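Visitor: My structure is below; once you've seen it, I'll send some questions.
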Amino acid sequence: MEAMTFVLFGSTGDLAKRKIFPALYNLYVDRKMPEAFSIIGLGRKSFNDATFQTYVEQSLQEFSRNTPNDRKTVDAFLRSIRYHILNVDDTAGYQELLKLVEQRESELNIPQNRMFYMSVAPEFFGVIADNINASGLGNTSGWKRLIIEKPFGHDLESARQLNKHLSKTFAEEEVFRIDHYLGKPMVQNMESFTSANPVIQSLWNNRHIANVQITASEVVGVEERAGYYDHTGAIRDMVQNHMLQVLMMTAMTLPGGHTADDVRSHKKYIAKALRPISKEDAHKHIVRAQYANGVVSGREVQGYQDEPGIELGSNTDTFVAARVWVDDFSWEGVPFYIRTGKRMKEKSTRIVVEFKNTMQNSEICVDCDGQPNMLIISINPEEKITLQLNRRNVKTGLLEPMTSEFVMGTDHDPEAYELLIGDALNGDGTFFAHWDEVELSWQWVQPILEAFADNSLPLHDYAAGTYGPAASDALLAEQGFRWLGDQ
Ligand code: BG6
8 MEAMTFVLFG STGDLAKRKI FPALYNLYVD RKMPEAFSII GLGRKSFNDA
58 TFQTYVEQSL QEFSRNTPND RKTVDAFLRS IRYHILNVDD TAGYQELLKL
108 VEQRESELNI PQNRMFYMSV APEFFGVIAD NINASGLGNT SGWKRLIIEK
158 PFGHDLESAR QLNKHLSKTF AEEEVFRIDH YLGKPMVQNM ESFTSANPVI
208 QSLWNNRHIA NVQITASEVV GVEERAGYYD HTGAIRDMVQ NHMLQVLMMT
258 AMTLPGGHTA DDVRSHKKYI AKALRPISKE DAHKHIVRAQ YANGVVSGRE
308 VQGYQDEPGI ELGSNTDTFV AARVWVDDFS WEGVPFYIRT GKRMKEKSTR
358 IVVEFKNTMQ NSEICVDCDG QPNMLIISIN PEEKITLQLN RRNVKTGLLE
408 PMTSEFVMGT DHDPEAYELL IGDALNGDGT FFAHWDEVEL SWQWVQPILE
458 AFADNSLPLH DYAAGTYGPA ASDALLAEQG FRWLGDQ
């Protein structure tokens, strides 16, 4: 890996503390950082290098998977860090920053490879990119790259504007858009799950699969993020990005020996093949809902409307379920159901593949409608693959389900941010959202946003601590299915 400078905007923020510094440190401990590197933290708070290094060390103590107890290693890591006070719209401040970056490059004798990470609110993306350009920070004799976080736009138009703005400074191959779901090991695993397993690959089509269900249910409510969430809702917060990315990873069919470009182009192919849902038809395929009060993990919690900071009479969706069709010959007739919500019964992120029931009317099958042959790919909190098969009970001579589990992952495995930052440092964009995918996802979501804004479909409510409204079950029942894997 090439030596580089890591310039972190928003270095005193929550994400930097919880995820970014621990990720850099763990990469360092695992010898996945370059031989020489410089980290420059930026923010408005008044730290100096020493107090900032202490602050970073505290974040490692609290959040790093590798406990920072080896003094020599911790000190060597912290020594690479400098802090610089910067107001993101202060043009002169960027000249100072440039001097600091160059000074560190010459002290460490490293090339002008610069990784810019914008861990700031999206309204600052544009001004920072402009200043990187105008100050000469982006004018390097090495490479320059940009890592940004969601939300990437608020709708199709604002996403396009933002991309246009950023592309004045960064070429598409220099931009690494983080969707942390693409950093989850089980989601990454989908890249090779089919191509490396002929047994799975041969089943991955409409001859054998009845439907696919992607769930991301959460127990938490809106927490302290009312200001953001009340104008975002589950559709923008989860569906446009995470849910559609997982759908793309599931529906793509890659040849063996594929490249990073193959992954992206197959995902784009799926994103293009998503059958549009018009604003007028949204009510037929989409269920939106908001949590009411209820009991979560044995504790009474208030409804969304009563959460602090939520606008009176807010129509924001905290739950969305959708039926999505992928217009490709191998997925013809296979509905993909997606479902996500806050304040649901359990935290579960999973992909369930239900296979066609060949025994439906067979006499030896006990309750076959209830026990389909299925594959459950659990992403979070556990990482495992469960295969539910049918077997013959020798005593009764009847068929009954049996399951087989393949557990992956341990507590000590690298986290999403570690994997993604490591990839970006290596210039590997496989698990980042390409602009084409982002634009196509917004394009698919846009009519649904408009239907929500017009209230042209009902806003159901659901008791906190449940799996969502009855309408979500009815959506699947229309095709004779039900949500599988709920506890
Ligand atoms: C974030 C959303 O992108 O993903 C949050 O903004 C959500 O609202 C979170 O809670 C869920 O992530 P995870 O990794 O816990 O499933």
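Residue 8 is where the sequence shown starts when you use the working numbering, and the numbers rise one by one after that.
Where a beta carbon is used, it is the ideal one built from N, C-alpha and C, also for glycine.
Remember, predicted model here, so these are calculated numbers, not experimental data.
1) Cβ of Lys352 within 7 Å of any heavy atom in the ligand BG6?
2) Which runs of the alpha helix (DSSP H) spanning at least 4 residues fall entirely within the segment 70-115, listed in chain order?
3) Compare the Cα-Cα distances from Asn364 to each of Lys286, Ile345, Tyr101 and Arg214 and report the closest residue.
4) Starting from Asn170, trace the alpha helix (DSSP H) both ways and give me its first and last residue.
5) List in chain order: all unbroken beta strand (DSSP E) runs of 3+ residues lying wholly within the segment 276-347.
6) Are there three or more Cβ pairs, one per stretch, closer than 8 Å when the segment 416-436 is compared with the segment 152-163?
7) I'd like to confirm the pairing. Which residues does DSSP put opposite Ala223 in its beta bridges?
8) Could you pull the start and end residues of the beta strand (DSSP E) that Gln395 belongs to?
9) Have a look at the DSSP bridge pairing and note the partners of Pro408.
10) Please classify Ser45: does DSSP put it in a helix, a strand, or coil?
11) I'd like to confirm the pairing. Which residues does DSSP put opposite Asp499 in its beta bridges?
12) Leaving aside the five residues before and after Gln68 along the sequence, list all residues of the same chain whose C-beta is less than 7 Å from its C-beta, in chain order.
13) Rounding to the nearest angstrom, what Cα-Cα distance links Phe132 and Leu173 in this structure?
14) What's the C-alpha gap between Gly301 and Tyr236?
15) Per DSSP, what are the beta-bridge partners of Lys151 in this structure?
16) Give me the DSSP bridge partner(s) of Ile428.
17) I need the boundaries of the alpha helix (DSSP H) containing Asn196, first residue and last residue.
18) Under a Cβ-count criterion, where at least 16 other Cβ atoms within 10 Å of its own Cβ denotes burial, should Met409 be classed as buried or exposed?
19) If you run the structure through DSSP and keep just helix, strand and coil, what is Ser479?
20) Using three-state DSSP, classify Glu485 as helix, strand or coil.
21) Return yes when the Cβ of Arg295 is within less than 8 Å of the Cβ of Gly475, no when it is not.
22) Which term fits Ser355, buried or exposed, when burial requires 16 or more other beta carbons within 10 angstroms of its beta carbon?
23) Straight-line CA distance for Phe488 to Lys26?
24) To the nearest angstrom, report how far apart Glu318 and Tyr311 are at their CA atoms.
25) Does the beta carbon of Met245 fall short of 7 Å from some heavy atom of the ligand BG6?
26) Short of 7 Å in beta carbon distance, which residues of its chain neighbour Gln119, apart from the five on each side in sequence? Order them along the chain.
27) Just mark Lys274 as buried or exposed, buried being the case when its beta carbon has 16 or more other beta carbons within 10 Å.
28) Quick one: grab the DSSP three-state call for Ile185.
29) Do you know how far the Cα of Glu9 is from the Cα of Phe44?
30) Between the segment 433-450 and the segment 244-254, do three or more beta carbon pairs fall short of 8 Å?
31) Gly20: which of Ile47, Thr323 and Lys52 sits nearest, CA to CA?
32) Can you tell me whether Ser202 is buried or exposed? The criterion is at least 16 other CB atoms within 10 Å of its CB, across all chains shown.
33) Report whether the distance from the Cβ of Ala166 to the nearest heavy atom of the ligand BG6 is below 7 Å.
34) Do you know how far the Cα of Thr260 is from the Cα of Ile392?
35) Checking 8 Å against the spacing of the C-beta atoms, do Asn218 and Glu361 come in under that value?
Guide: Working from what's here:
1) Not so, every heavy atom of the ligand BG6 lies at least 7 Å from the Cβ.
2) Taking 4 residues as the shortest admissible run, the segment 70-115 contains the following complete alpha helix (DSSP H) segments, listed from N- to C-terminal end: 78-85 and 98-115.
3) Closest by alpha carbon: Arg214.
4) Asn170 -> alpha helix (DSSP H) spans Leu163 to Leu173.
5) Runs found: 293-299, 301-303, 306-308 and 326-331.
6) Contact holds between the segment 416-436 and the segment 152-163, because three or more Cβ pairs, one in each stretch, are under 8 Å apart.
7) Partner(s): Thr347 and Thr356.
8) Gln395 -> beta strand (DSSP E) spans Lys391 to Arg399.
9) Answer is Asn397, bridged to Pro408.
10) Ser45 sits in a strand when the DSSP states are folded into three classes.
11) For the chain, the structure presents residues 8 to 494; residue 499 sits outside this window and is missing.
12) Once the five neighbours on either side are set aside, the close Cβ partners of Gln68 are Pro75.
13) In a straight line, the C-alpha of Phe132 is about 8 Å away from that of Leu173.
14) When only Cα atoms are considered, Gly301 and Tyr236 end up about 20 Å apart.
15) In the DSSP assignment, Lys151 is bridged to Arg121.
16) Beta-bridge annotation (DSSP): Ile428 is not paired with any residue.
17) Segment Pro192 to Phe200, the alpha helix (DSSP H) holding Asn196.
18) So Met409 counts as exposed.
19) Helix.
20) When DSSP states are grouped into helix, strand and coil, Glu485 belongs to the coil group.
21) No, they are not a contact pair.
22) That one is buried.
23) In a straight line, the C-alpha of Phe488 is about 39 Å away from that of Lys26.
24) Taking the straight line from one Cα to the other gives about 10 Å.
25) Yes, the Cβ of Met245 comes within 7 Å of a heavy atom of the ligand BG6.
26) The residues Glu112, Thr147, Ser148 and Gly149, in chain order, have a CB closer than 7 Å to that of Gln119 in the same chain once the five nearest residues on each side in sequence are set aside.
27) Lys274 comes out buried.
28) Residue state for Ile185 is assigned as coil, using DSSP reduced to three classes.
29) Looking at the two C-alpha atoms, the distance is approximately 9 Å.
30) Segments in contact, yes.
31) Across the set Ile47, Thr323 and Lys52, the C-alpha of Lys52 shows the shortest separation from the C-alpha of Gly20.
32) The residue in question, Ser202, is buried, as its Cβ has 16 or more Cβ neighbours within 10 Å.
33) Not so, every heavy atom of the ligand BG6 lies at least 7 Å from the Cβ.
34) The alpha-carbon atoms of Ile392 and Thr260 are separated by roughly 19 Å.
35) Contact: yes.
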